[in-house]
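Using our numbering, you'd call the opening residue of the sequence shown number 18 and step up by one each time. The C-beta atom is built at its ideal place from N, Cα and C for all residues, glycine as well. Model, not experiment: these values are computed from the prediction.
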Amino acid sequence: MEINVRSGDIFTAEADTLLVFVPQEELSPFAKRVNEALGGWLEDLRANGDFSGKRGESQVLYPRGQMSFQRVILIGIGKREDFDAEAVRRVAAIALQRARQLKAQKVASMTIGTGSGHIALRVAVRAMIEGALLGLYRYTAQKSAPEELSDPEQLLLCVYDDADLTQTQQAAAEGRAYAEGTMLARDLVNMPPNFCTPTYLAEKAQEIGARHSQKVTVLERSQMEALKMGALLAVAQGSEAPPHFIIMEHEPSLAEAGKTLVLVGKGVTFDTGGYSLKPVDNMVGMKADMSGAAAVIAAMQIIGTLEVKRHVVGLVPAADNMVSGRAYRPEDVITASNGKTVEIISTDAEGRLLLADALVYASRYQPAAVVDIATLTGGMAVALGNTAGGVFYTDQKLKESLMSASDDSGERLWPMPIYPEYSKVIESETADIRNSGGSASRMGSAGIGAAFLKHFVDYPAWAHIDMAGVMHNSGDVPYAPGKGGSGYGARLLAQWVANWQD
Ligand code: BES
Ligand code: ZN
Ligand code: ZN
């Protein structure tokens, strides 16, 4: 869908469909104008209780010559007091979905939330574009005859004031960059595991890097051996699919690029559990175990598109966790790239092994901060459900910057503790540490996972985001339609990088 911005009277806009966002209380000045043009139709609908403006409610009107548009879609935006950027995303998605159902081609709308909603223009426009594009997302790559739905060709965004034109255009472009990042992450997560292999992830990273002048390096098994990445390689050794360690580097040629930020994403392209095999029902869904990798690759794309002026490195350790004669076993002891030995208790606690070697690798950049993101533990989903990721951290400023990026991006995050008790559980008799507390320690497993990762961190500012609960859509968010991958993390991470101050 093309997005164009214009100023001037929207009633003269060339479009077949007009979107009108209607608050639950009093009509907005613009809704009043539409009401007048339609001979009081909106007031009648309200007076008769047929359309109250409740959030998400919609109603189609045919003006029959009273206006130049073929149809008007009313979308309720609810009460003004709790109308924020996230609400903008949601109602924009509902509006465009309705427009698609009606086979609208050219859709015109005023910006939402900037008037009495008091949302800053840039924030509101970006959210509106994100919601509009994300709400139309669907994944049909493996369907031989996908249901034919034609997205509107064009969304024409109208601003009240000429002076707002440039800023609105910029914000719309930003919104598109963020939305396309989320959609890329969704595509990668939704792609079946026989398509989305570690090699595919590496190719995708290379393609994105080439588009945005980012340097992408893909390490092969022999290079990982030379780096002594014994933890990552142990996980990978049971699979025919070769593992890769993907390094994406966004390096603007400016001297003011500041300190380096590193993003790390768990890229398990399928998690069978290995010999600690997952039960049938728990294994389905595990193609999404590379959601962290998808978030990092997609965040790097957004960062590239926005031309962020900072040195940013994305690291993706990618491997399959499979069963075979060569696969690693419980009770094996492996050595990670920082020399620490790890006793394997569960081959299903594989994500932390991949991340261990990647977190060690991150150290070479002397980073200002490192953030990893992973579908690490089922326990995280138990703790917060499918509404928020959890963030474990060693630095208060880093945590706060992530929380504010979460607010800005609409991707929910909640702070979690790393208590010393969690570390006790992973003490080992035979090695330096063990990768899981075993079946006796299901309690607090997300925190235990974080405590494990901390052993591989030698820089002051590190955060670990466990996104196991939010890798799939919850069904409650209009701009995350369907049951597949949510694309969580791409907007959050890119926003965090964009906001970061040394
Ligand atoms: N990929 C899983 C975590 C997961 C579970 C993500 C459900 C999304 C939904 C991870 O590799 C895993 O199996 N973790 C184990 C850790 C345990 C063995 C310490 C878990 O959470 O049970
Ligand atoms: Zn696992
Ligand atoms: Zn896993």
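### Message
Can you find the residues in the same chain that come closer than 6 Å, C-beta to C-beta, to Ala-219, ignoring five residues on each side of it along the sequence?
### Response
The sequence position of residue 219 within the sequence shown is 202, counting from 1. Taken in chain order, the residues that qualify are Val-235, His-261 and Ile-263.
### Query
Cα-Cα, which of Pro-210, Val-233 and His-489 is closest to Lys-221?
As a position in the sequence shown, residue 221 is number 204, starting the count at 1. Closest option to Lys-221, Cα to Cα, is Val-233.
### Query
Below 8 Å between beta carbons: does that hold for Ala-248 and Val-350?
One-based indexing of the sequence shown puts residue 248 at position 231. One-based indexing of the sequence shown puts residue 350 at position 333. No, the Cβ-Cβ distance between Ala-248 and Val-350 is not below 8 Å.
#### Entry: 3-residue-minimum beta strand (DSSP E) runs that sit fully inside the region 153-184, ordered along the chain
171-176
### Task
Output the boundary residues of the alpha helix (DSSP H) element that contains Leu-415.
Translated into positions along the sequence shown, residue 415 becomes position 398. That run of the alpha helix (DSSP H) goes 413-426.
### Query
Could you give the distance in angstroms between the alpha-carbon of Ala-258 and the alpha-carbon of Gly-282?
By 1-based counting over the sequence shown, the position of residue 258 is 241. By 1-based counting over the sequence shown, the position of residue 282 is 265. Whole-angstrom Cα-Cα distance: 19 Å.
#### Entry: Nearest-angstrom Cβ-Cβ length linking Thr-185 and Val-176, presumed shorter than 8 Å
Here residue 185 refers to the residue found at position 168 when the sequence shown is read from its first residue. Here residue 176 refers to the residue found at position 159 when the sequence shown is read from its first residue. Rounded, the Cβ-Cβ distance is 5 Å, consistent with contact.
### Task
May I ask you to check if the CB of Thr-394 is nearer than 7 Å to at least one heavy atom of ligand 1?
Position 377 of the sequence shown, counted from the first residue, corresponds to residue 394. Checking the Cβ of Thr-394 against ligand 1 gives yes.
### Query
For ligand 2, is there a heavy atom less than 7 Å away from the beta-carbon of Gly-368?
As a first step, residue 368 is located in the sequence shown; it is residue number 351 there, counting from the start. Yes, the Cβ of Gly-368 comes within 7 Å of a heavy atom of ligand 2.
### Residues bridged to Glu-324 (per DSSP)
Counting from one through the sequence shown, the residue named residue 324 turns up at place 307. DSSP output for Glu-324 lists no bridge partner at all.
### Query
Around the C-beta of Gln-413, are 16 or more other C-beta atoms found within 10 angstroms, so that it is buried, or is it exposed?
Working through the sequence shown from its first residue, we reach residue 413 at position 396. Exposed is the call here.
#### Entry: N- and C-terminal bounds of the alpha helix (DSSP H) containing Leu-57
Taking the sequence shown and counting its residues from 1, one reaches residue 57 at position 40. Per the sequence shown, the amino acid found at residue 57 is Gly instead of Leu. Where Gly-57 is concerned, there is no enclosing alpha helix (DSSP H), given that its DSSP letter is neither H nor E.
### Query
Do the CB positions of Ala-353 and Val-377 come within less than 8 Å of each other?
Sequence index remark: in the sequence shown, residue 353 carries index 336 (1-based). Sequence index remark: in the sequence shown, residue 377 carries index 360 (1-based). Yes.
### Query
Any chance the CB of Val-487 is under 7 Å from a heavy atom of ligand 3?
Within the sequence shown, residue 487 is the residue found at index 470, counting from 1. For ligand 3, not one heavy atom lies less than 7 Å from the Cβ of Val-487.
### Task
Mind checking which residues open and close the beta strand (DSSP E) that includes Met-300?
Counting from 1 along the sequence shown, the entry for residue 300 is found at position 283. No beta strand (DSSP E) holds Met-300; the alpha helix (DSSP H) holding it covers 297-300.
### Query
Under the DSSP definition of a beta bridge, which residues are partnered with Ser-75?
Along the sequence shown, one-based indexing puts residue 75 at 58. The partner list for Ser-75 (beta bridge, DSSP) reads Ile-92.
### Query
Asp-288: beta carbon under 7 Å from a heavy atom of ligand 3?
Locating residue 288 in the sequence shown gives position 271, counting from the first residue. Correct: Asp-288 has its Cβ closer than 7 Å to ligand 3.
### Task
Sort out for me which residues DSSP pairs Ile-264 with in a bridge.
In the sequence shown, residue 264 corresponds to position 247, counting from 1. According to DSSP, Ile-264 bridges with Thr-234 and Leu-332.
### Query
Is the distance from the Cβ of Leu-201 to the Cβ of Gln-318 below 8 Å?
Position 184 of the sequence shown, counted from the start, is the residue given in the question as residue 201. Position 301 of the sequence shown, counted from the start, is the residue given in the question as residue 318. Yes, the pair counts as a contact, with Cβ atoms nearer than the cut-off.
### Task
With a threshold of 16 other CB atoms inside 10 Å of the CB of Pro-210, please say whether the residue is buried or exposed.
Position 193 of the sequence shown holds residue 210. It counts as buried.
### Query
Does ligand 1 have a heavy atom nearer than 7 Å to the CB of Met-303?
By one-based count along the sequence shown, residue 303 stands at place 286. It does: the Cβ of Met-303 is within 7 Å (strictly closer) of some heavy atom of ligand 1.
### Query
Straight-line CA distance for Glu-367 to Trp-517?
Locating residue 367 in the sequence shown gives position 350, counting from the first residue. Locating residue 517 in the sequence shown gives position 500, counting from the first residue. Approximately 31 Å, taken between the alpha carbons.
### Query
Nearest to Ile-92 by alpha carbon, out of Ala-110, Arg-81, Pro-80 and Glu-224?
One-based indexing of the sequence shown puts residue 92 at position 75. The candidate whose alpha carbon is nearest that of Ile-92 is Ala-110.
#### Entry: Which of helix, strand or coil DSSP assigns to Tyr-410
As a first step, residue 410 is located in the sequence shown; it is residue number 393 there, counting from the start. Tyr-410: strand per DSSP, three-state reduction.
### Message
For Ile-20, report the span of its beta strand (DSSP E) as first-last.
### Response
Locating residue 20 in the sequence shown gives position 3, counting from the first residue. Segment 19-24, the beta strand (DSSP E) holding Ile-20.
### Task
Measure the C-alpha to C-alpha separation of Leu-62 and Phe-68 and round it to an integer number of angstroms.
As a first step, residue 62 must be located in the sequence shown, where it is residue number 45. As a first step, residue 68 must be located in the sequence shown, where it is residue number 51. Near 5 Å, if we compare the C-alpha coordinates of Phe-68 and Leu-62.
### Message
As a quick exercise: from Asp-168, Val-142 and Val-333, pick the residue whose alpha carbon is nearest that of Ser-426.
### Response
Looking up residue 426 in the sequence shown gives position 409. The shortest C-alpha separation from Ser-426 is found at Val-142.
### Task
Quick one: give me the first and last residue of the beta strand (DSSP E) that Ala-391 is part of.
The residue labelled residue 391 in the question sits at position 374 within the sequence shown. 386-391 is the span of the beta strand (DSSP E), which, as asked, contains Ala-391.
### Task
Run the proximity test for Asp-204: is its beta-carbon closer than 7 Å to any non-hydrogen atom belonging to ligand 2?
Residue 204 sits at position 187 when you count from the first residue of the sequence shown. Because no heavy atom of ligand 2 lies under 7 Å away, the Cβ of Asp-204 does not count as near it: no.
### Task
Could you pull out every residue in the same chain whose Cβ sits closer than 8 Å to the Cβ of Val-340, ignoring the five residues on either side in sequence?
Start at 1 with the first residue of the sequence shown, and residue 340 comes out as number 323. Excluding positions up to five away in sequence, the list reads Gly-255, Thr-289, Gly-291, Tyr-292 and Leu-294.
### Query
Looking at the structure shown, is Glu-220 part of a helix, part of a strand, or coil, going by DSSP?
On the sequence shown, residue 220 is found 203 positions in, with the first residue counted as 1. Three-state DSSP puts Glu-220 in a helix.
### Message
Taking the straight line between their C-alpha atoms, what separation do you get for Ile-435 and Gly-461?
### Response
By 1-based counting over the sequence shown, the position of residue 435 is 418. By 1-based counting over the sequence shown, the position of residue 461 is 444. So the two alpha carbons sit approximately 10 Å from each other.
### Query
Alpha carbon to alpha carbon, how far is Asp-337 from Thr-128?
Along the sequence shown, read from residue 1 onward, the residue named residue 337 stands at position 320. Along the sequence shown, read from residue 1 onward, the residue named residue 128 stands at position 111. Straight-line Cα distance between these residues: approximately 45 Å.
### Local conformation of Asp-33 per DSSP, three classes
To locate residue 33, count along the sequence shown from 1; it is residue 16. If DSSP states are grouped into helix, strand and coil, Asp-33 belongs with coil.
### Query
Does the region 148-157 come close enough to the region 64-78 to have 3 or more Cβ pairs within less than 8 Å?
no
### Task
Tell whether a beta-carbon distance below 8 Å holds between Met-488 and Ile-390.
Position 471 of the sequence shown, counting from 1, holds the residue named residue 488. Position 373 of the sequence shown, counting from 1, holds the residue named residue 390. Cβ distance not < 8 Å, so Met-488 and Ile-390 don't count as in contact.
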